[in-house]
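J.:
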Amino acid sequence: MAWNPREIMKELESGVKEIGRECPEVEAFIEFTGKLMAPRSLDLKTKELICVAVAVYTNCKYCIVTHVYNALKAGATGDEVMEAALVASQFGGGPAVGHSVTLVNEAIKEFAGDFGKKS
518 MAWNPREIMK
528 ELESGVKEIG
538 RECPEVEAFI
548 EFTGKLMAPR
558 SLDLKTKELI
568 CVAVAVYTNC
578 KYCIVTHVYN
588 ALKAGATGDE
598 VMEAALVASQ
608 FGGGPAVGHS
618 VTLVNEAIKE
628 FAGDFGKKS
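The opening position of the sequence shown corresponds to residue 518 in my numbering, with each subsequent residue numbered one higher.
In structure tokens, the structure reads:
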């Protein structure tokens, strides 16, 4: 597999840190996102599963690995994450299925153990 989910997350975190020092808008976006993800009518797990589907639909590798990780951390199972990812195929067709069976699958396998889950 050509994907390394942990390296993709590190790459994103490094970029946010580097650019965020000079561009306060990056930090403002991170803060805004944090507020959006706070539980209200939807719990965090549900919001993260939605994010997985949208990330797959938009073909954003950084979003995919981050939200798979966050969904698992919020209590989602690997099966729930994969189902959310595959729902995106209704709208994203082949690319959504391609990311689901490769990067989403690899990220579940990589991160599930971090939260005591089976991949």
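Cβ atoms here follow ideal geometry from the backbone N, Cα and C, with glycine treated the same way.
Where do the N-terminal and C-terminal ends of the alpha helix (DSSP H) with Cys568 fall, by residue?
T.: Start and end: Leu561 to Thr575.
J.: Any idea what DSSP makes of Thr619, helix, strand or coil?
T.: In this structure, Thr619 counts as helix in the three-state DSSP scheme.
J.: Could you tell me whether the segment 566–575 touches the segment 536–550, using the rule of 3 or more Cβ pairs below 8 Å?
T.: At 8 Å Cβ cutoff, the stretches do not touch.
J.: According to DSSP, is Lys635 helix, strand or coil?
T.: Here Lys635 sits in coil by DSSP.
J.: Counting C-beta neighbours from all protein chains within 10 Å, is the total for Phe628 16 or more, i.e. buried, or is it exposed?
T.: It counts as buried.
J.: Assuming Lys564 and Phe632 are in contact, meaning their beta carbons sit under 8 Å apart, how far apart are those beta carbons, in whole angstroms?
T.: About 17 Å; that fails the 8 Å criterion.
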